[in-house]
Amino acid sequence: MYDIICYFCRRFYLTMTKKIVFTALISIFAICNYFAQQSTVYRMPYGYETLFNSHSSVLYNQYTYDNYFFSPGINYLDKIDEIDLETNQGFGINTDILINSRSLLFRLTPSWHYKNLDFSLTIPYDFVIFNTFNKFTDIQIKASYNLKKSKSYNTTSLSFTFPTHNDEHVLFGIHSNGTGSNDFILSNNYVFTNNNYGFYGTAMIRHSLSGRKSMIINYENTNETEKWIYRFQNGNLFALQLNAYIAPLKKLHIHFGLGAMYNTRNSYTKVIYAWKGNLLKSDNIKGNQDFFYSDLRLGVSTKIKKADISVFVTSPNVNNFSINSYNLDLIIKASWQIF
């Protein structure tokens, strides 16, 4: 009888613990998502316009990079070669670091696997190179379906991302570590491997839901304030990449390929209220986030025990505002499967 009572007590304790942890996580995400849309700005009334008229928050977004610059590491290839999807089941945690020209990200991704299905939660922390502030950024919840046939491995994923941070106000504008909106991402990654060479590619669509930003502008040496409310719709992103790799050494792969992506034009509405609550002005404005991006890339990947490390150099062509830019971009990725 004592054993039976202990058994039910343990079951009750575990069940309640899971419910409390789940409720706490949902509450934290909801609160962070709310405060991600609030700002207090001093003498800088055009900060958000710089975001809505710039393609960088979309182009350099971490989840865009995950898909558009997806490359299978050596440990990843070993894993998909050995995996049996029929018996695949369990919990895992992965960590990774992503470095590009705009971000230095550390991410923790707990996941649960059941046969062909994967469910994961990505929690990123952006150290932001060349700036003096640190921020958590967009969190991603993702569901994936995997298929394996002979030497081919295909993953189709649907993910939802949402902002969790307040924007930082820097000297010449507002820095945002994410798109600022809730986004759906549909992607498909395909890998074919054959001994010392292989091919892989990705197709991706990102659809942004409408977002909201609220700014309170405090004017110096006065008691007057204005409240600016932005409702915005980011453009939709379409991306495709095709690549190949060769393996001259067991722990060294050389990658090469190309890619292209297109982001549609965005729009936003700005409503201004005076400090007494009177409506001053309302504008409907077209943004300038539309762009076409294409690139050639060359990279190497290696492994150190359970860690995959890759370094890529890309030669991008970004067409935006009728201006073409040609600059080399460096992308460094490292991932480690904890268990």
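Mapping of the sequence shown onto my numbering: residues 2 to 340, in sequence order. Here a beta-carbon is modelled for each residue, glycine too, at the ideal position from N, C-alpha and C.
Proximal residues to residue i (C-beta, below 6 angstroms), its chain only, five neighbours per side dropped
i	result
residue 297	259, 316
residue 303	252, 253, 310
residue 145	119, 156, 158
residue 149	86
residue 334	99, 311
residue 205	68, 188, 240
residue 104	127
residue 143	121, 158, 160
residue 116	86, 89
residue 78	194
residue 106	63, 99, 125, 127
residue 13	Reliability fails at residue 13, whose pLDDT of 47 lies under 50, so the model's placement of it is uncertain and the value that follows must be treated cautiously. Excluding positions up to five away in sequence, the list is empty.
residue 207	184, 186, 238
residue 209	182, 184, 235
Test item: CB-CB of residue i and residue j under 7 angstroms
i	j	result
residue 262	residue 240	yes
residue 200	residue 185	no
residue 102	residue 284	no
residue 243	residue 202	yes
residue 267	residue 235	yes
residue 288	residue 269	yes
residue 336	residue 97	yes
residue 264	residue 238	yes
residue 71	residue 190	yes
residue 255	residue 154	no
residue 212	residue 179	no
residue 313	residue 332	yes
residue 292	residue 319	yes
Three-way DSSP call (helix, strand, coil) for residue i in this model
i	result
residue 338	strand
residue 242	strand
residue 137	strand
residue 149	strand
residue 88	coil
residue 53	helix
residue 291	coil
residue 65	helix
residue 350	One cannot answer for residue 350 here, as it falls past the ends of the chain, which runs 2 to 340.
residue 304	strand
residue 210	coil
residue 215	strand
residue 80	helix
residue 58	helix
residue 103	coil
residue 174	Here residue 174 scores only 48 on pLDDT, less than 50, and its place in the model should not be relied on; the value that follows carries that caveat. Strand at residue 174.
Close beta carbons around residue i, own chain, < 8 angstroms, minus the five adjacent residues each side
i	result
residue 112	92, 93, 94, 95, 119, 120, 121, 122
residue 61	101, 102, 103, 104
residue 328	317
residue 84	149
residue 66	99, 101, 332
Counterpart residues of residue i in DSSP-defined beta bridges
i	result
residue 234	268
residue 164	None, per the DSSP bridge assignment.
residue 257	245, 299
residue 314	299, 331
residue 192	154, 201
residue 227	218
residue 144	120, 159
residue 73	Partner(s): none; residue 73 has no beta bridge.
residue 185	161, 208
residue 110	95
Sequence-distant residues of the same chain with beta carbon closer than 7 angstroms to residue i, five excluded per side
i	result
residue 124	108, 109, 140
residue 152	193, 194, 195
residue 57	103
residue 163	34, 139, 140, 183
residue 232	211, 213, 269, 270
residue 307	76, 337, 338
residue 114	89, 90, 91, 93
residue 197	247, 248
residue 340	93, 94
residue 227	218, 273, 274, 275, 276
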